[in-house]
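> Take a look at this one; I'll ask things after.
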Amino acid sequence: MKQLENKIMLITYPDSLGGSLRSLEAVVNRYLKDAVGGIHILPFYPSSGDRGFAVVEYGRVDPAWGTWEDIDRLADRYALAADFMLNHISSQSKEFRDYMAKGDDSEYKDMFIRWDEFWPDGEPSQQELDALYRRRPGGGPFHIYIRDDGKEVKLWNTFFEQQVDINPFSKAAQDYYDRNLGEISRHVPLIRFDAFAYASKKPGTSCFFVEPEIWDVLDIAMKPLRKTGTQMLAEIHENYRIQQKMAERGYWVYDFALPMLLLHATITGRSDRLIHWMNICPRNQFTTLDTHDGVGVIDAAGLLEEEEIETVAEKVESRTALAQKYIQNGSMIRKGGKKAVRYQLAGTFYSIMDCNDETYLLARAVQYFAPGIPQVYYVGMLAGENDIEFVKNGGEGRGLNRHNYTIPEIEQAVMRPVVQRLLKLSKFRNSHPAFSGDFWVDGNQNDGILHIVRTCSAERAELIADFSVNRFKILFSEAGKMQEFIL
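Following this note's numbering, the numbering of the sequence shown begins with 274 at its first residue and continues without gaps.
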């Protein structure tokens, strides 16, 4: 099993590049050779919904995508990351079906959170309901399920009906964690805890990253990983200070703020917000510009003013206007009893950048020079545009950025100049020794300029980005001399 290293990690669904894990392997080996050092394969287990994120069983690879042998073969060559849903389980899982069949006699009954038992008075007050961190419009985060005996049970349900929330403090849940995390860690060096912050619930709170309970949840989930030395990456979309708290405890975190800050810089011509973040962001992080869910908006709160966030969001929506008219409900979040606010922006990052090759490559260059390990979503690696046909035919908004590529489409995409240049830039990021060392930002530049320097011993790489014209230059050392990297 190849261990994690400071090289670009591709993010992809198991079936997005050719339809299977075998085709994924062939595509990466042939077309992305030396451009990626790791692969985060989004849920490849049997699932009942949410494109893999309602896992029925972790012990198997979905036969539609392949086998554990396919995963292990990839793991021999690339550092792999896999998902584990700490907060929820599929309503089609054996654990939940057992509870539906046996009711209170089920060994798994305490694994699920009964809504009326959670609240001291059986139901939340309006104040308690308003305090909740809610992803769904309407009432509370619960769903009424019908047991086999006909009895209705109201259970905590943060996301979709197919995803039933778990009580991490129950013995049944902890056994479930131990068993499944132990199995996954045999195959990959890095496991992502998806929807991690929702696993901490306490009456009278937001039920999102509730301290100190969240640290107790983390200790429970980390026990099986510590046995195998497996590393963990927590997926949390919220204020950057949460990422800093996680990083201070030595965990890998995401830099979900970077895409909004880069958008702000390329739209306004200012670099001050971006420079500020570069100076304070965690160093033990994975950087992203695009994910399967889109561009996080809420992650930039506190780094951009509200009006700056709105300016960026409006510009993005104007650039993606053709797609927006087919999206019925945008991604919103409600917290603290306040009105719903933007949560994520839908679209491919290339489309969000107005399909401008130079601006897109500028953003990637900044990402590659930033502290941490860069992650590049498969659509972004191919500079893909919004999948208008998908949403036009009734698909949800996130599907704009989830196109499944056929082999002929991939062959065509990699020949485009912007993709060829991105692959060249990616290979440079993976191979130059300067990226294994120190990072600093030159603070003595005029506004609009971002000057990043990476050094390791005598090796050096510099990025000089000018956001007033959205152009950049890269200098690097070779054989003791500095020269320009030509894309």
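Glycine residues also receive a C-beta, built at the ideal position from the N, C-alpha and C atoms. Every value quoted in this text rests on a predicted model; they were computed, and no experiment measured them.
Name the residue from Ile362, Tyr351, Val437, Gln718 whose alpha carbon lies nearest to the alpha carbon of Val329.
For this step, residue 329 is matched to residue 56 along the sequence shown. Nearest C-alpha to Val329: Ile362.
> So the beta strand (DSSP E) Leu673 belongs to, where does it begin and stop?
Reading the sequence shown from its first residue, position 400 is the one you call residue 673. That residue, Leu673, is in no beta strand (DSSP E); it is neither H nor E in DSSP.
> Please state the DSSP three-state secondary structure of Ile386.
Against the sequence shown, residue 386 aligns to sequence position 113. In this structure, Ile386 counts as coil in the three-state DSSP scheme.
> Would you call Lys754 buried or exposed, if buried means 16 or more other Cβ atoms sit within 10 Å of its Cβ?
Position 481 of the sequence shown, counting from 1, holds the residue named residue 754. Flag for Lys754 reads exposed.
> Note the first and the last residue of the continuous beta strand (DSSP E) segment covering Leu506.
In the sequence shown, counting from the first residue as 1, residue 506 sits at position 233. That run of the beta strand (DSSP E) goes 504 to 507.
> Which of helix, strand or coil does DSSP assign to Ile540?
Here residue 540 refers to the residue found at position 267 when the sequence shown is read from its first residue. It is helical.
> CB Phe559 to CB Leu498, shorter than 8 Å?
Working through the sequence shown from its first residue, we reach residue 559 at position 286. Working through the sequence shown from its first residue, we reach residue 498 at position 225. No, the pair does not count as a contact, with Cβ atoms beyond the cut-off.
> How many Å lie between Gly710 and Ser730 at the Cα?
Here residue 710 is taken as the residue at index 437 of the sequence shown, counted from 1. Here residue 730 is taken as the residue at index 457 of the sequence shown, counted from 1. C-alpha separation (whole angstroms): 8 Å.
> What's the gap between the Cα of Ala686 and the Cα of Asp660?
Working through the sequence shown from its first residue, we reach residue 686 at position 413. Working through the sequence shown from its first residue, we reach residue 660 at position 387. C-alpha separation (whole angstroms): 14 Å.
> When the Cα atoms are used, what is the spatial distance from Gly502 to Pro462?
As a first step, residue 502 is located in the sequence shown; it is residue number 229 there, counting from the start. As a first step, residue 462 is located in the sequence shown; it is residue number 189 there, counting from the start. Whole-angstrom Cα-Cα distance: 8 Å.
> Could you say which of Gly376, Ile553, Asn360 lies nearest to Arg465 if we only look at CA atoms?
What you label residue 465 is simply residue 192 of the sequence shown in a count that begins at 1. Nearest C-alpha to Arg465: Asn360.
> Got a sec? Which residues, its chain only, sit under 8 Å from Gln435 by beta carbon, not counting five neighbours each side?
Mapped onto the sequence shown, residue 435 falls at position 162. Hits under 8 Å: Ser321, Gly322, Asp323, Ala327, Ser363, Ser364, Gln365.
> State the beta-bridge partners of Gln756 as determined by DSSP.
Mapped onto the sequence shown, residue 756 falls at position 483. Phe749.
> Alpha helix (DSSP H) containing Tyr633: first to last residue?
The count along the sequence shown starts at 1 and reaches residue 633 at position 360. Tyr633 -> alpha helix (DSSP H) spans 630 to 642.
> Could you spell out where the alpha helix (DSSP H) holding Ser591 opens and where it closes?
Translated into the one-based positions of the sequence shown, residue 591 becomes position 318. Where Ser591 is concerned, the enclosing alpha helix (DSSP H) stretches over 579 to 592.
> Straight-line CA distance for Ala738 to Ile515?
Taking the first residue of the sequence shown as position 1, residue 738 is located at position 465. Taking the first residue of the sequence shown as position 1, residue 515 is located at position 242. Distance between the alpha carbons of Ala738 and Ile515: 29 Å.
> Counting along the chain, where does the alpha helix (DSSP H) carrying Ile762 start and finish?
Outside the displayed span of the chain (274 to 760) sits residue 762, for which this structure offers no information.
> Whether or not the stretch 590 to 597 and the stretch 551 to 558 are in contact is what I'm after, with contact meaning three or more pairs of Cβ atoms, one per stretch, closer than 8 Å; do they touch?
Not touching, per the Cβ criterion.
> Suppose the cutoff is 7 Å on Cβ atoms and the five residues either side in sequence are ignored; what does the same chain contact list for Lys275 look like?
Taking the sequence shown and counting its residues from 1, the one referred to as residue 275 is at position 2. Taken in chain order, the residues that qualify are Ala348, Asp349, Arg350, Tyr351, Ala352.
> Within its chain, find whatever has a CB closer than 6 Å to the CB of Pro647; leave out the 5 residues flanking it on each side and keep chain order.
Residue mapping note: residue 647 aligns to position 374 of the sequence shown, counting from 1. Excluding sequence neighbours, Pro647 sits near Ile281, Thr560, Gln640, Tyr641.
> How is the beta strand (DSSP E) around Tyr599 delimited, first residue to last?
For the purposes of this step, residue 599 is taken as residue 326 along the sequence shown, with counting starting at 1. Neither: Tyr599 is in no beta strand (DSSP E) and is coded neither H nor E.
> From Arg452 to Asn440, what distance separates their C-alpha atoms?
Here residue 452 is taken as the residue at index 179 of the sequence shown, counted from 1. Here residue 440 is taken as the residue at index 167 of the sequence shown, counted from 1. The alpha-carbon atoms of Arg452 and Asn440 are separated by roughly 16 Å.
> For Gly575 and Glu425, I'd like the C-alpha separation in whole angstroms.
Within the sequence shown, numbered from 1, the residue matching residue 575 stands at position 302. Within the sequence shown, numbered from 1, the residue matching residue 425 stands at position 152. Whole-angstrom Cα-Cα distance: 43 Å.
> Taking 8 Å as the cut-off, does the stretch 479 to 494 touch the stretch 367 to 376 (at least 3 CB pairs, one atom from each stretch)?
These segments do not touch.
> Looking at Leu405: is its Cβ nearer than 8 Å to the Cβ of Pro393?
The residue you call residue 405 lines up with position 132 of the sequence shown. The residue you call residue 393 lines up with position 120 of the sequence shown. Against a cut-off of 8 Å, the Cβ pair of Pro393 and Leu405 comes out as no contact.
> With distance defined between alpha-carbon atoms, name the residue in Ile493, Phe482, Gly672 nearest to Gly455.
Working through the sequence shown from its first residue, we reach residue 455 at position 182. Of the listed residues, the one whose Cα sits closest to Gly455 is Ile493.
> For Arg546, I'd like the list of residues in its chain whose CB is within less than 8 Å of its CB, leaving aside the five on either flank, ordered along the chain.
Within the sequence shown, numbered from 1, the residue matching residue 546 stands at position 273. So the qualifying residues of the chain are Leu534, His537, Ala538, Leu576, Leu577, Glu581.
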